[in-house]
Amino acid sequence: GFQGDWIDGEDGPSPEDIDLIAVRTLLLHETHSENKIEKIQRFCLPLLRGANDQSAIDISVEGFIERPHLSRLYASYLTHFTRNEPDVVNRLEQLITDDNFFSDYQKMYALSSILNCDEVSAGVVQASLRWLEAADIAHATRAICAIFAAKFGTANQKRMVRLRYEDETSEYVRSAILFAAKFFQIADKRSAKRAWGGQSTINAQICDVI
46 GFQGDWIDGE DGPSPEDIDL IAVRTLLLHE THSENKIEKI QRFCLPLLRG
96 ANDQSAIDIS VEGFIERPHL SRLYASYLTH FTRNEPDVVN RLEQLITDDN
146 FFSDYQKMYA LSSILNCDEV SAGVVQASLR WLEAADIAHA TRAICAIFAA
196 KFGTANQKRM VRLRYEDETS EYVRSAILFA AKFFQIADKR SAKRAWGGQS
246 TINAQICDVI
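Numbering (our numbering), first residue to last: 46 to 255.
(1) Can you tell me whether DSSP reads T186 as helix, strand or coil?
(2) Closer than 6 Å by C-beta to R136: which residues in its own chain qualify, once you throw out the five before and the five after it? Chain order, please.
(3) Go to T142, then tell me how far its alpha helix (DSSP H) extends in each direction, as first and last residue.
(4) Identify the continuous alpha helix (DSSP H) that holds Q202 and give its terminal residues.
(5) For the region 90-104 against the region 140-147, do three or more pairs of beta-carbon atoms, one drawn from each stretch, fall closer than 8 Å, so that the two count as touching?
(6) May I have the straight-line CA-CA distance separating S116 from F126, to the nearest angstrom?
(7) Between A240 and A167, what straight-line distance do the alpha-carbon atoms span, to the nearest angstrom?
(8) Around the C-beta of F147, are 16 or more other C-beta atoms found within 10 angstroms, so that it is buried, or is it exposed?
(9) Which runs of the alpha helix (DSSP H) at least 4 residues long sit entirely within the region 91-120? Give them in chain order.
(10) At what residues does the alpha helix (DSSP H) containing A232 begin and finish?
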């Protein structure tokens, strides 16, 4: 009788709700197998993201440190919430300013996860500039740092990004700095396009879209 009432009653959970409960239960399933944890998270996080479900926020923020190789997965999930959930942004900012990362991969995706915000803290911008100027950090991460600092930085910090171009040895990062010119003042943006646009095919293409 209970089962029939639960299935047929108007207040019963929908099939979608049942599926979501099952995904949450699986995500929180206790196991000591690191391989199983990784498989479960890879399966559950995209589904929870699609359902706009915040059940995995703690797991994802903590995962940046606990499982560096899954940073992209966590960033993909958290980015869905960073525009409208200040607490999530604050926690990611704390991760970045603490800088207890093991790899450049973590830095890159931590910054990327809040790149869609309207504003970020000054400490995070300072961290991005510090990483941009660190020669031992991978060029893919430093490229994100350039874009990040140009978007959120003060006028002086944007100038630091612009001046970095001439001393930069990586063509990849130089192209990122040119792309970051979209966040410069109009005069500086035009100057950057004029000075750097003809230096490579990639730069010429970037100038067409910024």
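Even glycine gets a Cβ: it sits at the ideal position worked out from N, Cα and C.
According to the structure shown:
(1) Note: T186 maps to helix in three-state DSSP.
(2) Same-chain partners within the cutoff: V106.
(3) Under the DSSP assignment, T142 falls in the alpha helix (DSSP H) whose first and last residues are P131 to D143.
(4) Where Q202 is concerned, the enclosing alpha helix (DSSP H) stretches over A200 to D212.
(5) Taking 8 Å as the limit for Cβ pairs, the verdict is that the region 140-147 does not touch the region 90-104.
(6) Whole-angstrom Cα-Cα distance: 16 Å.
(7) Going by the C-alpha atoms only, they are around 29 Å apart.
(8) By the neighbour-count criterion, in which a residue is buried when 16 or more other Cβ atoms sit within 10 angstroms of its Cβ, F147 is exposed.
(9) Qualifying alpha helix (DSSP H) stretches, in chain order: 102-111.
(10) Taken as a continuous stretch (DSSP letters only), the alpha helix (DSSP H) holding A232 covers I231 to W241.
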